[in-house]
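Everything on this sheet refers to the single structure shown next.
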Amino acid sequence: QDVVNKIAAGEIIVAPEHALKELIENAVDAGSTSLEVVVKDGGLKLLQITDNGHGIDKEDLAILCERFTTSKLKAFEDLSSIGTYGFRGEALASISHIAHLSVTTRTKESSCAWRAHYSDGKLVSPKPGQSAEPKPIAGRGGTQITVEDLFYNVPSRRRAFRSASEEYAKILDMVARYAVHCAGVSFSCKKHGASTADISVPTAAGTLDRIRQIHKATVANELVTLNAENERWGFKCEGWISSANYSAKRTTLLLFINHRSVESSIIKKAVEQTYATFLPKGGRPFVYLSLDIEPARVDVNVHPTKREVHFLNEDEIIAIICDEIRNSLSKVDT
Ligand code: ADP
Ligand code: MG
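So the sequence shown is residues 914 to 1247, counted in this note's numbering.
Now the structure itself:
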C-alpha cells in the first residue's frame, strides 16, 4: 500500500516546482495577503512557504495529510469543477509520502501556534521518543509549510535532476507567475540564508507594476490591456499583452485559467501566429492572460502531471482572444 501511495505521489509531484505550486495555491486559497518562499538546493533540500492566511484548526491537523482531506469541496457546488482545481485533497498527502513535511499554523481563534510533523500521510514524532501529537509553540497567525528532502525515498526521481540552479530557476518562474497574477498579495522568494530576495513584490502593487518588477521594464512599458468576453462560450478574459513595438527571442505566456497557472500549447501557438504578422521575423511577444471559464466547461480529466488544460469550444474562445489581440496590435501606432 505504501509503495502504491509513493508511486501515486511521485506522479502528482514530479518536480519541486509542482510541490511549490500546490503550496502557493493553498496559501492563496487561505486568504493570505503575504507569501514568503525560502528554497535550498533547488527545492530538493528545503522548500518553505510562510503565509498569513486563516490557518488550520488544531483539530484538523491529525488528518491533514490523509488522502482526500480537503476543506474546499463544499465550496464547489458543482462536482465537475473539481478538475479545474486539481485533485482535491491530494497535495499535502502526496508530499508527505515523498518528503519530510512539517506544518506550523495558527488560526485567529487559537491562543498559540501548533506544529506537526508528517510522514506517509500520518502524524509522526520529530525525534525518536517524542510524541507525534501536535505541539503548542509561539507563532503568528497563518501557516508555514516546510518540505525537506523531497524525493528522499524515490532515488530514480532524485537522479533525474541535473542541477539545483536549474530547479531553482523553475521555482522562481512559478513564484513569478503567481506574483503577477495575485494582486493584493505580497510575494517574496529567496535562497535559504540569502539576505536579498530574488523576487519581491509588495501587496499594494497593481498588475502592471508586478510585471514591471519581475520582468524587464522594456516589456512593461510596451504593454496594453486586453479584455474579451463571450456569454455563449461562458468565458471572460483579462490580460496585458505586448504591443508591436516589443519583440523578444522567446514567447513569455503567463496563462491562468480560473486562477490556476496552466499550460496550453494550443493557445501558445495561436498567440504566436497572431503576433507573427506584426513582429519582425522570429520576434516573440509577452502575453499575460487570465481566463475565467465556467468550471463545468473545463476538462475534468486533466491529470496533475499533464499541466495542459482543455476546455469546451476551445477553438471559438481562442479565436475571440486572438481577434482582440489583432485589434489592439493594429490600433497601436506610435
Ligand atoms: P486541497 O487544497 O485540494 O483541499 P491540499 O492537500 O492541498 O488539498 O490541502 C488540504 C487541506 O489543508 C486544504 O483543504 C486546507 O483546508 C488545508 N490547508 C493546506 N494548506 C493550507 C494553508 N496554507 N492555510 C490554510 N489551510 C491550508
Ligand atoms: Mg491544495
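Quick reminder that beta carbons are idealized off the backbone N, C-alpha and C, glycines included.
To the nearest angstrom, how far is it from the Cα of residue i to the Cα of residue j?
i, j, result
"ARG1071", "ILE962", "22 Å"
"ALA1082", "VAL1114", "17 Å"
"GLN1057", "ASP964", "6 Å"
"GLY996", "HIS1223", "Per-residue confidence for GLY996 stands at a pLDDT of 44, beneath the threshold of 50, marking its modelled position as unreliable; no derived number is given."
"SER1078", "ASN939", "25 Å"
"LYS1104", "VAL1093", "20 Å"
"ARG1239", "SER1038", "59 Å"
"ARG980", "ARG1028", "20 Å"
"LYS953", "ARG1075", "15 Å"
"ILE1234", "ALA1141", "6 Å"
"LEU1204", "ILE925", "24 Å"
"TYR998", "ARG1173", "Residue confidence is low: TYR998 scores 49 on pLDDT, short of 50, so the model does not pin down where it sits. No coordinate-derived value is stated."
"LEU1284", "ALA1232", "Past the edges of the chain, shown from 914 to 1247, lies residue 1284, and the structure says nothing about it."
"SER993", "TYR1031", "A caution first: SER993 carries a pLDDT of 48, below 50, which makes its placement in the model unreliable, though a value can still be read off. Their backbone Cα atoms lie some 30 Å apart in a straight line."
"THR1164", "GLU1207", "27 Å"
"SER984", "LEU1014", "19 Å"
Beta strand (DSSP E) containing residue i: first to last residue?
i, result
"VAL951", "947–953"
"THR1138", "1136–1143"
"ARG1060", "Reading the sequence as shown, one finds Val at residue 1060 and not Arg. Looking at the DSSP string, the run of the beta strand (DSSP E) that includes VAL1060 is 1055–1061."
"ILE969", "No beta strand (DSSP E) holds ILE969; DSSP gives it neither H nor E."
"GLN961", "959–964"
State the beta-bridge partners of residue i as determined by DSSP.
i, result
"SER1173", "Correcting the residue identity first, residue 1173 is Arg in this sequence and not Ser. In the DSSP output, where bridge partners are listed per residue, ARG1173 has ILE1170."
"PRO1049", "TRP1027"
"ALA1161", "ARG1197"
"PHE1074", "DSSP lists no partner for PHE1074."
"VAL1151", "Here residue 1151 is Glu; the residue named in the question, Val, does not match the sequence. Answer is ASN1140 and SER1203, bridged to GLU1151."
Which residue marks the beginning of the alpha helix (DSSP H) containing residue i, and which one marks its end?
i, result
"THR1131", "1130–1133"
"THR1020", "Unbroken run through THR1020: none, as it is neither H nor E."
"SER1009", "1004–1011"
"LYS1181", "1178–1189"
"LYS934", "929–942"
Between the Cα of residue i and those of the options, spot the shortest distance and give me the residue it belongs to.
i, options, result
"SER1099", "ALA1107, HIS1105 and ARG1090", "ARG1090"
"ALA1110", "GLU1151, VAL950, ASP1236 and LEU960", "VAL950"
"ARG1145", "ILE1112, GLU1080, GLU1229 and LEU1063", "GLU1229"
"GLY1034", "GLN1043, SER1009 and THR1017", "SER1009"
"LEU1139", "LYS1149, TRP1153 and ASP1122", "TRP1153"
"GLY968", "ALA928, CYS1025 and GLY955", "CYS1025"
"ALA975", "SER947, VAL1016, GLU930 and GLU1080", "VAL1016"
"VAL916", "SER1007, LYS1182, GLY1052 and TYR1201", "SER1007"
"SER1241", "ALA1209, LYS1194 and TYR1188", "TYR1188"
Give the C-beta separation of residue i and residue j to the nearest angstrom, bearing in mind that I take them to be a contact with Cβ-Cβ under 8 Å.
i, j, result
"ARG1019", "GLY966", "10 Å between Cβ atoms; not a contact."
"VAL1132", "SER1155", "6 Å"
"VAL1088", "ALA1012", "That pair is no contact at about 19 Å."
"GLN1126", "ALA1118", "7 Å"
"GLY956", "LEU933", "7 Å"
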